[in-house]
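A.B. asks: Going by our numbering, the final residue of the sequence shown carries number 92, and the count climbs one at a time with no gaps.
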Amino acid sequence: MTTLSTLRRIPTRVGAIAIADEGSGTPVVLWPSLFSDHRLYAALVPLIGDRWRTIGIDGPGFGQSDAPRAEVQADVYADVVLDCLDAL
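(1) Excluding sequence positions up to five away, which residues of its chain have a Cβ less than 7 Å from the Cβ of Val33?
(2) Can you list, in chain order, the stretches of the alpha helix (DSSP H) that have 4 or more residues and sit fully within the segment 21-53?
(3) Please state whether the Cβ-Cβ distance between Gln57 and Pro36 is less than 8 Å.
(4) Just to confirm my understanding: we take Leu11, look at its own chain, exclude 5 residues before and 5 after, and list those with CB closer than 6 Å. What are they?
(5) Taking the alpha helix (DSSP H) that Leu89 belongs to, which residues open and close that run?
(6) Just to check my reading of the structure: Arg73 and Val18 have Cβ atoms closer than 8 Å, yes? What is that Cβ distance to the nearest angstrom?
(7) For Pro64, count neighbouring Cβ atoms within 10 angstroms of its own Cβ and tell me buried if that reaches 16, exposed if not.
(8) Kindly indicate which residue of Val76, Asp83, Phe66, Tyr81 has the alpha-carbon position closest to the one of Ser40.
Structure follows, in structure tokens:
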């Protein structure tokens, strides 16, 4: 999730979701708080990238992800993460 990251857009049940997938090792999902995107973790990723595979997700309607097609409840966010991880 450095500025050199290549974002990948993954189709999900709420629209296309942008992810930044970097590093190798045990995967860790980085989902930023509201009103932010994967760049929130730009300083962290280089520090842990040699041991962890970081998967930064732009939530629906944030960063490079599509706005959700309908109102999204909290339980749908878990499904969005699963959709993204299944596609990797």
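No residue lacks a Cβ here, since even glycine has one placed at the ideal position from N, Cα and C. Computed from a prediction, not measured in an experiment: that's the story for all the values here.
C.D. replies: According to the structure shown:
(1) Cβ neighbours of Val33 within its own chain (closer than 7 Å, five residues either side excluded): Ile59, Ile61, Val85.
(2) DSSP runs (the alpha helix (DSSP H)) wholly in the segment 21-53: 49-52.
(3) Strictly speaking, residue 57 in this sequence is Arg, with Gln absent from that position. No, the Cβ-Cβ distance between Arg57 and Pro36 is not below 8 Å.
(4) Cβ within range, chain order: Ala22, Ala24, Gln68.
(5) In the DSSP assignment, Leu89 falls within the alpha helix (DSSP H) that extends over 78-91.
(6) Yes, Arg73 and Val18 are in contact; Cβ-Cβ is about 6 Å, under 8 Å.
(7) With a threshold of 16 other beta carbon atoms within 10 Å, Pro64 meets it and is buried.
(8) With distances taken between Cα atoms, Ser40 lies closest to Phe66.
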